[in-house]
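**Student:** Have a look at the structure that comes next, please.
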Amino acid sequence: MDHQETAAEVGRLLAKMRAAHPLVQNITNFVAMDIAANVLLAAGAAPAMVHAPEESPEFVRLAAALVVNTGTLSRTQAESMEVATIAARSHGTPWVLDPVGAGATRFRDETVQKLLRHRPMVIRGNASEIMAVARGAGLTLETARPRGVDSANTTDEAEALARLLARHCFCIVAATGAVDVVTDGKRMIRLANGSPLMTRVTALGCALSALVGAFVGLGEDPFIATVAALAIYGVAGEIAAETARGPGSFRVEFIDCLDRIGPDDVKARLKLA
Amino acid sequence: MDHQETAAEVGRLLAKMRAAHPLVQNITNFVAMDIAANVLLAAGAAPAMVHAPEESPEFVRLAAALVVNTGTLSRTQAESMEVATIAARSHGTPWVLDPVGAGATRFRDETVQKLLRHRPMVIRGNASEIMAVARGAGLTLETARPRGVDSANTTDEAEALARLLARHCFCIVAATGAVDVVTDGKRMIRLANGSPLMTRVTALGCALSALVGAFVGLGEDPFIATVAALAIYGVAGEIAAETARGPGSFRVEFIDCLDRIGPDDVKARLKLA
Amino acid sequence: MDHQETAAEVGRLLAKMRAAHPLVQNITNFVAMDIAANVLLAAGAAPAMVHAPEESPEFVRLAAALVVNTGTLSRTQAESMEVATIAARSHGTPWVLDPVGAGATRFRDETVQKLLRHRPMVIRGNASEIMAVARGAGLTLETARPRGVDSANTTDEAEALARLLARHCFCIVAATGAVDVVTDGKRMIRLANGSPLMTRVTALGCALSALVGAFVGLGEDPFIATVAALAIYGVAGEIAAETARGPGSFRVEFIDCLDRIGPDDVKARLKLA
Numbered sequence: 351m352d353h354q355e356t357a358a359e360v361g362r363l364l365a366k367m368r369a370a371h372p373l374v375q376n377i378t379n380f381v382a383m384d385i386a387a388n389v390l391l392a393a394g395a396a397p398a399m400v401h402a403p404e405e406s407p408e409f410v411r412l413a414a415a416l417v418v419n420t421g422t423l424s425r426t427q428a429e430s431m432e433v434a435t436i437a438a439r440s441h442g443t444p445w446v447l448d449p450v451g452a453g454a455t456r457f458r459d460e461t462v463q464k465l466l467r468h469r470p471m472v473i474r475g476n477a478s479e480i481m482a483v484a485r486g487a488g489l490t491l492e493t494a495r496p497r498g499v500d501s502a503n504t505t506d507e508a509e510a511l512a513r514l515l516a517r518h519c520f521c522i523v524a525a526t527g528a529v530d531v532v533t534d535g536k537r538m539i540r541l542a543n544g545s546p547l548m549t550r551v552t553a554l555g556c557a558l559s560a561l562v563g564a565f566v567g568l569g570e571d572p573f574i575a576t577v578a579a580l581a582i583y584g585v586a587g588e589i590a591a592e593t594a595r596g597p598g599s600f601r602v603e604f605i606d607c608l609d610r611i612g613p614d615d616v617k618a619r620l621k622l623a
Numbered sequence: 351m352d353h354q355e356t357a358a359e360v361g362r363l364l365a366k367m368r369a370a371h372p373l374v375q376n377i378t379n380f381v382a383m384d385i386a387a388n389v390l391l392a393a394g395a396a397p398a399m400v401h402a403p404e405e406s407p408e409f410v411r412l413a414a415a416l417v418v419n420t421g422t423l424s425r426t427q428a429e430s431m432e433v434a435t436i437a438a439r440s441h442g443t444p445w446v447l448d449p450v451g452a453g454a455t456r457f458r459d460e461t462v463q464k465l466l467r468h469r470p471m472v473i474r475g476n477a478s479e480i481m482a483v484a485r486g487a488g489l490t491l492e493t494a495r496p497r498g499v500d501s502a503n504t505t506d507e508a509e510a511l512a513r514l515l516a517r518h519c520f521c522i523v524a525a526t527g528a529v530d531v532v533t534d535g536k537r538m539i540r541l542a543n544g545s546p547l548m549t550r551v552t553a554l555g556c557a558l559s560a561l562v563g564a565f566v567g568l569g570e571d572p573f574i575a576t577v578a579a580l581a582i583y584g585v586a587g588e589i590a591a592e593t594a595r596g597p598g599s600f601r602v603e604f605i606d607c608l609d610r611i612g613p614d615d616v617k618a619r620l621k622l623a
Numbered sequence: 351m352d353h354q355e356t357a358a359e360v361g362r363l364l365a366k367m368r369a370a371h372p373l374v375q376n377i378t379n380f381v382a383m384d385i386a387a388n389v390l391l392a393a394g395a396a397p398a399m400v401h402a403p404e405e406s407p408e409f410v411r412l413a414a415a416l417v418v419n420t421g422t423l424s425r426t427q428a429e430s431m432e433v434a435t436i437a438a439r440s441h442g443t444p445w446v447l448d449p450v451g452a453g454a455t456r457f458r459d460e461t462v463q464k465l466l467r468h469r470p471m472v473i474r475g476n477a478s479e480i481m482a483v484a485r486g487a488g489l490t491l492e493t494a495r496p497r498g499v500d501s502a503n504t505t506d507e508a509e510a511l512a513r514l515l516a517r518h519c520f521c522i523v524a525a526t527g528a529v530d531v532v533t534d535g536k537r538m539i540r541l542a543n544g545s546p547l548m549t550r551v552t553a554l555g556c557a558l559s560a561l562v563g564a565f566v567g568l569g570e571d572p573f574i575a576t577v578a579a580l581a582i583y584g585v586a587g588e589i590a591a592e593t594a595r596g597p598g599s600f601r602v603e604f605i606d607c608l609d610r611i612g613p614d615d616v617k618a619r620l621k622l623a
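Written out as structure tokens, the structure is:
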């Protein structure tokens with residue numbers, strides 16, 4: 351797909367989202383709950399934060415997608431993620447994994463690796479998290495490339511590991527940052543929208559994973575759905591940054607922009623790198 | 351009470367709230383905590399989020415009202431709600447039930463039905479939640495009306511079930527939406543203020559339940575106290591929507607409006623349907 | 351230190367913060383998580399909310415400081431605070447205690463007194479909380495002063511107990527309010543910046559404790575680091591209040607101000623009482 355086709359597809363999915371209002375169930379961290387719910391509402395989706403193991407698998411029946419985020423992991427949340435992702439897989443409901451803090455503690459790494467068995471449709475994280483998940487799954491660049499590429503820079507390394515992880519898990523992998531990379535193991539798209547202010551507001555990455563859930567909940571090609579979520583997020587961030595006076599007003603403007611953004615904004619501003 | 355008397359009573363209770371600063375204890379969901387606390391502060395009340403079963407009943411002694419919300423229910427929270435509502439009843443402290451997601455899972459329905467035994471002073475939810483609570487309590491329209499009214503539209507049905515539920519529980523029931531309905535089983539008031547933007551910000555319904563708690567904590571007629579909370583909320587939402595540019599700025603304006611709103615705004619804008 | 355020297359030191363630490371981006375681990379309450387993380391980001395620090403006992407001690411290795419806050423205490427959180435503060439002490443990582451609600455329930459008081467054994471570097475609370483912690487530790491004014499000073503006003507009493515508590519725990523104590531008091535048991539500084547709007551936004555006190563963590567995480571004299579956090583917070587609050595239209599817009603402006611504030615603002619506005 352070239353730039354114009356990608357922008358058109360993103361615009362089409364955005365319109366579909368606003369007509370369908372997919373219900374997105376989140377088992378997410380306590381920092382992200384407010385902003386993730388407001389991002390989903392602004393973009394046209396319907397949020398539900400349902401995390402107790404006593405009800406999370408039952409609630410999956412009602413949801414178009416499930417999003418699992420390890421940001422403030424607890425024993426009970428890990429248990430809930432386990433039973434809810436099993437339910438999602440058995441219902442054929444797509445689910446998104448946001449492995450927040452992967453690599454920081456054994457508890458997170460073990461939880462993330464267990465969850466991989468239940469087949470996420472998308473894994474979204476920053477470069478370090480994606481690399482930690484890939485390494486935790488036993489993937490190294492040596493398995494894919496000849497030795498001698500140790501000088502590969504971090505971005506290249508993240509891209510290569512993202513591709514390996516996507517193939518290993520049969521899923522979409524999105525490593526986001528100044529440039530976002532999305533791959534299904536074969537296709538790869540790089541997006542370059544956004545603003546440095548997006549790193550100055552807490553949990554905006556987590557809220558992006560929730561939005562990826564909303565887009566894959568539309569039931570179309572998950573690769574382009576993931577691209578759509580990232581594109582809309584980046585373009586809205588770019589527009590919001592033009593009038594924000596700091597991270598406080600940026601957060602407010604960003605939600606307003608997500609609400610207002612349309613296919614024309616995507617067409618005019620989408621940057622593929 | 352006619353329109354003018356209602357507006358006068360609401361204005362009087364608002365002034366009393368700002369003098370009394372009632373302490374409202376909340377056992378609420380994690381999405382609502384921030385916005386509910388800020389709504390209470392803006393309206394003149396004092397929030398406390400105290401949910402551990404180890405301390406929630408002890409804290410009830412200090413509170414003017416308790417608000418219980420099932421939005422992100424967990425086993426531990428359900429246990430805490432049980433012991434805290436028992437303490438509230440034994441202290442004569444009014445408590446408000448917000449049965450978020452009633453009807454969605456068995457866990458919520460069972461928890462809500464157990465809590466009803468401890469006599470909430472007010473139940474506030476959207477139409478579906480109120481109907482789910484009423485049905486869970488074994489109430490059906492057939493017990494009140496002859497068969498053959500199946501064509502009753504949803505609003506009518508919610509109103510009829512709200513009235514039955516209020517009688518069954520000896521409490522106030524408020525079903526909120528584009529039009530809010532408040533009933534004590536005999537009296538019924540319909541309020542028509544507000545803005546569609548209020549559905550685009552997460553947890554504004556939960557925060558309204560917290561505000562109902564603040565008003566019933568003033569120790570006056572709980573029916574008019576509930577009407578006062580809904581009236582002030584709706585009028586503030588209406589004013590805020592006039593300058594908001596989207597759901598992000600609406601949230602900010604709404605808190606500013608709740609802080610500024612006075613009896614004259616209520617008098618000028620209150621709409622009874 | 352006179353006024354000019356204090357302002358210069360605060361400015362120097364602020365510049366250091368923005369270069370060092372210290373990672374601050376928080377075991378905090380659910381109301382404060384969003385605002386505390388955004389305050390840390392705006393001031394130049396890096397927040398992490400990591401509270402499960404399964405990983406909180408392991409995460410301490412990575413953090414420049416740990417902040418423990420009892421605002422929505424639970425059995426599991428208390429357990430996590432215990433093991434994380436032990437880890438902090440053993441790693442030589444400074445930690446800050448915010449004893450929210452001390453004096454309100456036995457559960458909080460017992461938890462706070464247990465934590466004192468693991469040597470917080472700073473205790474920050476409002477006057478009532480600091481007095482409750484001091485009394486829980488068995489400190490009374492009689493131990494320091496002759497009987498007959500019962501007419502001491504509350505501020506004096508809080509100051510005297512803060513000083514005793516600082517000596518008892520070998521730490522810094524900050525009692526914040528309209529006037530903030532910081533003492534290490536010998537030195538005492540009173541700061542008089544800020545705005546009444548700061549009490550109208552939930553969890554701004556909790557977020558201040560997080561910022562104290564960021565400053566003591568710079569590894570300098572914890573007394574002046576605590577003064578720096580309070581000074582910057584108060585000055586930013588004062589600037590934000592000049593353009594805010596209510597508590598909603600104040601919160602937004604405040605984060606923007608924390609992001610923009612520089613040594614010159616501190617120099618021009620710092621008020622020592």
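Those protein sequence lines, which keep their order, are chains E, R and V.
Just add 350 to wherever you are in the first sequence, counting from 1, and you've got the numbering used here.
Just add 350 to wherever you are in the second sequence, counting from 1, and you've got the numbering used here.
Just add 350 to wherever you are in the third sequence, counting from 1, and you've got the numbering used here.
Heads up, the beta-carbon is just placed ideally off N, CA and C, and yes, glycines get one too.
Just so you know, these numbers come straight off a predicted model, no measurement behind them.
Do T435 (chain R) and H401 (chain R) have their C-beta atoms closer together than 8 Å?
**Tutor:** Your numbering for residue 435 (chain R) matches position 85 in the second sequence. Your numbering for residue 401 (chain R) matches position 51 in the second sequence. For T435 (chain R) and H401 (chain R), no; Cβs fall outside 8 Å.
**Student:** Below 7 Å on C-beta distance, what does I582 (chain V) contact in chain E?
**Tutor:** Along the third sequence, one-based indexing puts residue 582 (chain V) at 232. Chain E residues near I582 (chain V): none, gap ~15 Å exceeds 7 Å.
**Student:** Name the residue from E:T552, E:S406, E:D530 and E:T549 whose alpha carbon lies nearest to the alpha carbon of T576 (chain E).
**Tutor:** For the purposes of this step, residue 576 (chain E) is identified with residue 226 of the first sequence, where counting begins at 1. The residue with the shortest Cα to Cα distance from T576 (chain E) is E:D530.
**Student:** Using a Cβ-Cβ cutoff of less than 6 Å, which residues in the same chain neighbour R497 (chain R) once the five nearest sequence positions on both sides are dropped?
**Tutor:** Locating residue 497 (chain R) in the second sequence gives position 147, where the first residue counts as 1. Reliability of the predicted coordinates at R497 (chain R) is poor, the pLDDT of 43 falling under 50, and no value is obtained from them.
**Student:** Could you check whether the Cβ of A387 (chain V) sits closer than 8 Å to any Cβ belonging to chain E?
**Tutor:** Here the question's residue 387 (chain V) lines up with position 37 in the third sequence. Yes - at least one Cβ of chain E is within 8 Å of the one on A387 (chain V).
**Student:** For the beta strand (DSSP E) holding G394 (chain V), just list the boundary residues, first then last.
**Tutor:** Stepping through the third sequence from its first residue, residue 394 (chain V) is reached at position 44. No beta strand (DSSP E) contains G394 (chain V), which DSSP labels as neither H nor E.
**Student:** Below 6 Å CB to CB, which residues in the same chain sit around M383 (chain V) once its five sequence neighbours on both sides are set aside?
**Tutor:** Residue numbering aside, residue 383 (chain V) sits at position 33 when the third sequence is read from its first letter. Closer than 6 Å at Cβ, skipping near neighbours: M399.
**Student:** Would the stretch 413-421 of chain V count as touching the stretch 447-467 of chain V if we require 3 or more Cβ pairs under 8 Å?
**Tutor:** Touching, per the Cβ criterion.
**Student:** Going along the chain, which residues of its own chain have a beta-carbon closer than 7 Å to the beta-carbon of L568 (chain V), five neighbours each way excluded?
**Tutor:** Reading the third sequence from its first residue, position 218 is the one you call residue 568 (chain V). Counting only Cβ-Cβ distances below 7 Å, and skipping sequence neighbours, we find L363, K366, M367, A370, P372 and A575.
**Student:** Nearest CA to the CA of I539 (chain V): which residue from V:L561, V:L390 and V:A512?
**Tutor:** Mapped onto the third sequence, residue 539 (chain V) falls at position 189. That would be V:A512, whose Cα lies nearest to the Cα of I539 (chain V).
**Student:** At what residues does the alpha helix (DSSP H) containing T461 (chain R) begin and finish?
**Tutor:** Numbered from 1 along the second sequence, position 111 holds the residue referred to as residue 461 (chain R). R456 to L466 is the span of the alpha helix (DSSP H), which, as asked, contains T461 (chain R).
**Student:** Chain R partners of E479 (chain E), CB-CB under 9 Å?
**Tutor:** Numbered from its first residue, the first sequence carries residue 479 (chain E) at position 129. Those do not exist, as E479 (chain E) stays about 23 Å from chain R at its closest Cβ, beyond 9 Å.
**Student:** Near E603 (chain R), what residues of its chain come up, given a Cβ to Cβ distance below 6 Å and the 5 sequence neighbours on each side ignored?
**Tutor:** As a position in the second sequence, residue 603 (chain R) is number 253, starting the count at 1. Contacts found: A590, T593 and A594.
**Student:** Can you tell me where the alpha helix (DSSP H) with G598 (chain R) in it begins and where it stops?
**Tutor:** To locate residue 598 (chain R), count along the second sequence from 1; it is residue 248. It spans P597 to R610 - the alpha helix (DSSP H) in which G598 (chain R) sits, taken as one unbroken run.
**Student:** Counting Cβ pairs closer than 8 Å, one from the stretch 454-465 of chain V and one from the stretch 548-559 of chain V, do we hit at least three?
**Tutor:** Because the criterion of three Cβ pairs below 8 Å is not met, the stretch 454-465 of chain V and the stretch 548-559 of chain V do not touch.
**Student:** On the criterion of 16 or more Cβ atoms from any shown chain inside 10 Å, does S501 (chain V) qualify as buried, or is it exposed?
**Tutor:** For this step, residue 501 (chain V) is matched to residue 151 along the third sequence. Note on S501 (chain V): pLDDT 40, under 50, position unreliable in the model; the coordinate value appears next. That one is exposed.
**Student:** Should the stretch 440-447 of chain V be regarded as contacting the stretch 580-590 of chain V, the criterion being three or more beta carbon pairs within less than 8 Å?
**Tutor:** Counting Cβ pairs under 8 Å, fewer than three are found: no touch.
**Student:** Using only CA atoms, which one of E:P597, E:V483 and E:A579 lies nearest to S545 (chain E)?
**Tutor:** The residue you call residue 545 (chain E) lines up with position 195 of the first sequence. For the residues E:P597, E:V483 and E:A579, the minimum Cα distance to S545 (chain E) belongs to E:P597.
**Student:** At what residues does the alpha helix (DSSP H) containing M348 (chain R) begin and finish?
**Tutor:** Since the first residue of chain R shown is 351 and the last is 623, residue 348 (chain R) is not available in this structure.
**Student:** At 7 Å on the CB atoms, spell out the chain E contacts of H401 (chain V), in chain order.
**Tutor:** Numbered from 1 along the third sequence, position 51 holds the residue referred to as residue 401 (chain V). The contacting residues are T422.
**Student:** Quick one: using the 10 Å Cβ neighbour count with 16 as the cut-off for buried, is G490 (chain R) buried or exposed?
**Tutor:** Position 140 of the second sequence, counted from the start, is the residue given in the question as residue 490 (chain R). The question names Gly, yet the displayed sequence has Thr at residue 490 (chain R). Result: exposed.
**Student:** On a CA-only basis, which of R:S424, R:D614, R:A528 and R:R537 is nearest D571 (chain R)? Give me that one, please.
**Tutor:** Within the second sequence, the letter at position 221 stands for residue 571 (chain R). Comparing Cα positions, the closest option is R:R537.
**Student:** For T549 (chain E), which option in E:A516, E:G584, E:V566 and E:L515 has the closest C-alpha, if you only look at C-alpha atoms?
**Tutor:** Walking along the first sequence from the start, residue 549 (chain E) turns up at place 199. When each option's Cα is compared against that of T549 (chain E), the closest is E:G584.
**Student:** Grab me the residues of A524 (chain V)'s own chain with a C-beta within less than 6 Å of its C-beta, minus the 5 sequence neighbours each way, in chain order.
**Tutor:** As a first step, residue 524 (chain V) is located in the third sequence; it is residue number 174 there, counting from the start. So the qualifying residues of the chain are R474, V532 and T576.
**Student:** Measure the alpha-carbon distance for D352 (chain E) versus F409 (chain E) and round it to whole angstroms.
**Tutor:** Counting from 1 along the first sequence, the entry for residue 352 (chain E) is found at position 2. Counting from 1 along the first sequence, the entry for residue 409 (chain E) is found at position 59. The alpha-carbon atoms of D352 (chain E) and F409 (chain E) are separated by roughly 39 Å.
**Student:** Under the rule that 16 or more other beta-carbon atoms within 10 Å means buried, what is R411 (chain E), buried or exposed?
**Tutor:** By one-based count along the first sequence, residue 411 (chain E) stands at place 61. By the 10 Å Cβ count, R411 (chain E) comes out exposed.
**Student:** Just list the residues that DSSP pairs D448 (chain R) with in beta bridges.
**Tutor:** As a working mapping, residue 448 (chain R) is identified with position 98 in the second sequence. R:N419, per the DSSP bridge assignment.
**Student:** Opposite M538 (chain R) in the DSSP bridges: which residues?
**Tutor:** Counting from one through the second sequence, the residue named residue 538 (chain R) turns up at place 188. Its beta-bridge partners are R:T533.
**Student:** Quick check on this structure: which residue in E:L514, E:D614 and E:A581 has the alpha carbon closest to the alpha carbon of F565 (chain E)?
**Tutor:** As a first step, residue 565 (chain E) must be located in the first sequence, where it is residue number 215. Selected option, being the one with the closest Cα: E:A581.
**Student:** When the distance is taken between beta carbons, is R619 (chain E) closer than 8 Å to N543 (chain E)?
**Tutor:** The residue you call residue 543 (chain E) lines up with position 193 of the first sequence. The residue you call residue 619 (chain E) lines up with position 269 of the first sequence. Result yes, Cβ atoms of N543 (chain E) and R619 (chain E) sit closer than 8 Å.
**Student:** Is DSSP giving T552 (chain R) helix, strand or coil here?
**Tutor:** Locating residue 552 (chain R) in the second sequence gives position 202, where the first residue counts as 1. Note: T552 (chain R) maps to coil in three-state DSSP.
**Student:** Is the CB-CB distance between M431 (chain E) and I480 (chain E) below 8 Å?
**Tutor:** Start at 1 with the first residue of the first sequence, and residue 431 (chain E) comes out as number 81. Start at 1 with the first residue of the first sequence, and residue 480 (chain E) comes out as number 130. Result no, Cβ atoms of M431 (chain E) and I480 (chain E) do not sit closer than 8 Å.
**Student:** Going along chain R in order, which residues have a C-beta closer than 7 Å to the C-beta of R610 (chain E)?
**Tutor:** Locating residue 610 (chain E) in the first sequence gives position 260, counting from the first residue. Within chain R, the residues near R610 (chain E) are G596.
**Student:** List the whole-angstrom C-beta distance separating C521 (chain R) from V551 (chain R), where the pair is believed to meet the contact cut-off of C-beta under 8 Å.
**Tutor:** As a first step, residue 521 (chain R) is located in the second sequence; it is residue number 171 there, counting from the start. As a first step, residue 551 (chain R) is located in the second sequence; it is residue number 201 there, counting from the start. In fact, because the Cβ distance is near 27 Å, the residues do not count as touching under 8 Å.
**Student:** Using a Cβ cut-off of 9 Å, which residues of the stretch 522-541 of chain E contact any Cβ in chain V, in chain order?
**Tutor:** Correct list: empty, as no residue qualifies.
**Student:** When the Cα atoms are used, what is the spatial distance from Q375 (chain V) to S406 (chain V)?
**Tutor:** Counted from its first residue, the third sequence places residue 375 (chain V) at position 25. Counted from its first residue, the third sequence places residue 406 (chain V) at position 56. Roughly 9 Å separates the two Cα atoms.
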